[in-house]
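Novice: This is the structure I have questions about; it appears just below.
Numbering (the working numbering), first residue to last: 1 to 363.
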């Protein structure tokens with residue numbers, strides 16, 4: 001019975017709202033293997049990052065601060081030709097062009113896609129590909145005809161993205177880089193950031209390619225030991241990475257908006273990880289308790305939207321709260337605090353303009 005309940009909760013929380021086609025992309029990105037960084041422009045326009053875009057392109061300026069977003073599990077998405085974008089016209093999210101918003105605020109903005117790897121009916125099969133090629137599904141990927149392909153990928157997702165990132169960002173001079181991951185994408189964001197740091201420490205990549213900020217958006221870690229991680233849970237491995245990144249000086253903020261990471265039936269709450277970070281508990285009361293998928297997705301657009309507003313008020317603290325507008329030093333200050341912040345007002349409206357917070361005990 002518990003296994004059945006867990007399956008129902010997983011499907012309900014992580015289900016993808018598919019559409020008939022992916023705006024900004026042609027069908028070839030689904031029929032053949034396509035992954036990695038795309039720079040975004042207004043109106044869901046995209047260009048693939050490559051050696052050719054290093055010096056600048058339609059949607060990338062190497063002298064501007066940059067945010068790169070990594071999506072999560074994408075079950076049942078490839079055959080319907082669905083990809084996440086920054087301008088979602090679905091009813092459950094605001095009708096806002098977030099790429100255009102971030103560009104107005106002076107940023108390059110991009111998405112790292114791994115949707116053909118992430119399209120698995122079991123979330124743990126997608127999760128394994130982040131860390132290892134030796135998971136139960138190896139590194140298979142799905143095409144738009146519903147066929148899986150094996151044997152042509154020899155690195156896990158985090159390492160594939162590291163190679164892609166270094167190629168795309170060589171020559172960068174923008175001064176501030178953020179990596180943000182949603183759900184399973186948070187695990188990729190953590191591993192990728194640490195790989196970049198390790199390479200900078202050995203002199204293999206330039207120090208200015210190291211991300212200054214890591215953001216976890218309703219992060220998800222599955223329960224249980226993983227043979228491909230020497231029997232650690234993924235949450236344990238993530239905590240080890242966090243310790244190394246904190247020692248390096250990385251600013252890390254984390255936002256929770258659903259039960260995806262706080263229900264024993266669904267995932268590992270990983271309280272020890274979040275207690276190391278600048279953690280914010282959001283209120284998404286505009287969705288009902290049964291709309292956990294919508295609450296889970298809300299972490300993404302709430303964060304993206306918050307770049308257009310000042311940091312939220314924390315009524316019982318001299319510090320303002322964390323958001324996309326918060327600078328990295330503020331994030332580090334909340335990391336060092338003995339409390340988290342918990343949303344008090346504004347949960348009945350999607351717009352972050354009226355959000356206020358109070359401090360609360362750590363998890």
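Beta carbons are placed, not taken as given, at the ideal position from N, Cα and C, and that holds for glycine.
#1: According to DSSP, residue 47 sits in a beta bridge with which residue or residues?
#2: Starting from the Cα of residue 227, find the closest Cα among 131, 50, 262 and give me that residue.
#3: Whose CA, out of 202, 197, 222, lies closest to the CA of residue 214?
#4: Could you check the C-alpha separation between residue 353 and residue 309 for me, to the nearest Å?
#5: Out of 219, 173, 174, 336, state which residue places its alpha-carbon closest to the alpha-carbon of residue 183.
#6: How about residue 279 and residue 254: are their beta carbons less than 9 Å apart?
#7: So within the region 54-131, which uninterrupted beta strand (DSSP E) runs reach at least 3 residues, ignoring any that extend past its ends?
#8: Does residue 21 come out as helix, strand or coil in the three-state DSSP assignment?
#9: Output the distance between the C-alpha atoms of residue 194 and residue 245, rounded to the nearest integer angstrom.
#10: How about residue 106 and residue 64: are their beta carbons less than 9 Å apart?
#11: Is the beta carbon of residue 217 less than 9 Å from the beta carbon of residue 299?
#12: Just mark residue 145 as buried or exposed, buried being the case when its beta carbon has 16 or more other beta carbons within 10 Å.
#13: Using three-state DSSP, classify residue 314 as helix, strand or coil.
#14: So, using beta-carbon positions, are residue 314 and residue 356 closer together than 9 Å?
#15: How many whole angstroms separate the CB atoms of residue 103 and residue 75, which I take to be in contact at a CB cut-off of 8 Å?
#16: Quick check: the region 151-170 against the region 108-122, are there 3 or more CB pairs under 8 Å?
#17: Rounded to whole angstroms, what's the CA-CA distance from residue 21 to residue 27? Just pull it up for me.
#18: Of the choices 231, 25, 270, 259, whose alpha-carbon is the least far from that of residue 82?
#19: Which same chain residues, not among the five before or five after residue 303, have their C-beta less than 8 Å away from its C-beta?
#20: Helix or strand or just coil, what does DSSP make of residue 291?
Specialist: With the structure as the only source:
#1: Within the DSSP secondary-structure output, residue 47 pairs in a beta bridge with 39.
#2: In terms of Cα proximity to residue 227, the closest of 131, 50, 262 is 131.
#3: Residue 197 is the option with its Cα nearest to residue 214.
#4: Between residue 353 and residue 309, the C-alpha separation is close to 7 Å.
#5: The shortest Cα separation from residue 183 among 219, 173, 174, 336 belongs to 219.
#6: Yes, the Cβ-Cβ distance between residue 279 and residue 254 is below 9 Å.
#7: For the region 54-131, whole beta strand (DSSP E) runs of length 3 or above, ordered along the chain, are 66-70, 108-113.
#8: Interpretation of residue 21 is limited by its pLDDT of 43, a score under 50 that renders its predicted location unreliable; the figure taken from the coordinates is listed afterwards. DSSP places residue 21 in coil when its eight states are reduced to three.
#9: Near 7 Å, if we compare the C-alpha coordinates of residue 245 and residue 194.
#10: Result yes, Cβ atoms of residue 106 and residue 64 sit closer than 9 Å.
#11: With contacts defined as CB atoms closer than 9 Å, residue 217 and residue 299 qualify as a contacting pair.
#12: So residue 145 counts as exposed.
#13: In the structure shown, residue 314 falls within a strand segment according to DSSP collapsed to helix, strand and coil.
#14: Yes, they are a contact pair.
#15: Residue 103 to residue 75, Cβ: 31 Å. No contact.
#16: Below 8 Å, enough C-beta pairs join the region 151-170 and the region 108-122 to call them touching: three or more.
#17: Legend: pLDDT at residue 21 = 43, less than 50; position of this residue unreliable, no value from coordinates given.
#18: When only C-alpha atoms are compared, the closest one is 25.
#19: Take residue 303, set aside five residues on each side of it, and the residues of its chain with a beta-carbon closer than 8 Å to its own are 180, 215, 217, 255, 323, 324, in chain order.
#20: In the structure shown, residue 291 sits in coil (DSSP, three-state: anything other than H, G, I, E or B).
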